[in-house]
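**Student:**
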Amino acid sequence: MLYYVVMRKYILLIFVFVVASMLNVPLSYGSSDADHDCTKCHKLTSDEAQSIIQGGIPASNVLEINPGPVKGVWEIVFEVRGQKGIVYVGLSKELLISGDIFDLKAKRNLTGERLANLNRIDVSKIPLDGALVMGDANAPKKVIVFTDPD
């Protein structure tokens with residue numbers, strides 16, 4: 236019986252190493268390699284990123300490629316029909332990751348914060364020609380209301 240328990244542990248360890256090597260996931264996060272800059276050895280071109288994104292999100296356009304908030308992934312900023320989004324691609328260029336990345340220590344949604352900054356609208360660039368102005372036009376703070384009467 237003890238033999239089977241020990242063998243199951245070894246088989247599990249072998250399985251973990253095989254899966255990690257197939258996914259090209261370094262098993263040394265947090266070790267002496269923690270300061271290694273993956274972008275020096277691994278590159279992702281705009282054409283590669285566009286090809287990867289088109290496979291999962293048709294009709295999208297890649298806007299930016301940045302190192303991701305997690306070591307070993309790239310952040311790809313894309314746009315579809317005027318809306319910006321973020322996906323992550325692993326170093327192997329075989330995995331497309333869609334979803335939010337949370338920093339549990341700081342209790343922050345890193346992807347959500349980045350999306351909010353990307354989709355921020357500069358209110359000073361909104362044309363107000365023909366707008367209905369109520370109150371002081373030179374007030375330091377303004378409220379802009381959009382409606383659709385149809």
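Just so we're aligned: 246 in our numbering is position 11 of the sequence shown, and the numbers increase by one with no gaps anywhere. For each residue, glycine too, the CB sits at the ideal point set by N, CA and C. These figures come from a predicted structure and were not determined experimentally.
Count the other C-beta atoms from every protein chain shown that fall within 10 angstroms of the C-beta of valine 368, then say buried if there are 16 or more, exposed otherwise.
**Tutor:** Valine 368 is exposed by the Cβ-count criterion.
**Student:** Per DSSP, what are the beta-bridge partners of glutamate 314 in this structure?
**Tutor:** Its beta-bridge partners are Asn296 and Lys319.
**Student:** Using the three-state DSSP reduction, which class does isoleucine 288 fall into: helix, strand or coil?
**Tutor:** In this structure, isoleucine 288 counts as helix in the three-state DSSP scheme.
**Student:** Compare the Cα-Cα distances from glycine 325 to each of Pro304, Asp364, Phe381 and Leu363 and report the closest residue.
**Tutor:** Glycine 325 has its Cα closest to that of Pro304, out of Pro304, Asp364, Phe381 and Leu363.
**Student:** Just the Cα atoms here: how many angstroms apart are isoleucine 361 and arginine 355?
**Tutor:** Rounded to whole angstroms, isoleucine 361 to arginine 355 spans 12 Å at the Cα level.
**Student:** So the candidates are Leu339, Gly347 and Leu279; which of them puts its Cα closest to the Cα of glycine 307?
**Tutor:** Nearest C-alpha to glycine 307: Leu279.
**Student:** I'd like to know whether the C-beta atoms of isoleucine 300 and isoleucine 292 end up nearer to each other than 8 Å.
**Tutor:** Contact: no.
**Student:** Consult DSSP for aspartate 338 and reduce its assignment to one of helix, strand or coil.
**Tutor:** The answer is strand: DSSP assigns aspartate 338 an E or B state.
**Student:** Between which two residues does the alpha helix (DSSP H) holding asparagine 352 run?
**Tutor:** Segment 345-353, the alpha helix (DSSP H) holding asparagine 352.
**Student:** Which of the three DSSP states is assigned to valine 378 in this structure?
**Tutor:** DSSP places valine 378 in coil when its eight states are reduced to three.
**Student:** I'd like to confirm something about arginine 343: is its beta-carbon nearer than 7 Å to some heavy atom of the ligand ZN, or not?
**Tutor:** Looking at this structure, you won't find the ligand ZN or any other ligand, since it has none at all.
**Student:** Would you decide whether threonine 346 is buried or exposed? Buried here means 16 or more other CB atoms lie within 10 Å of its CB.
**Tutor:** So threonine 346 ends up on the buried side.
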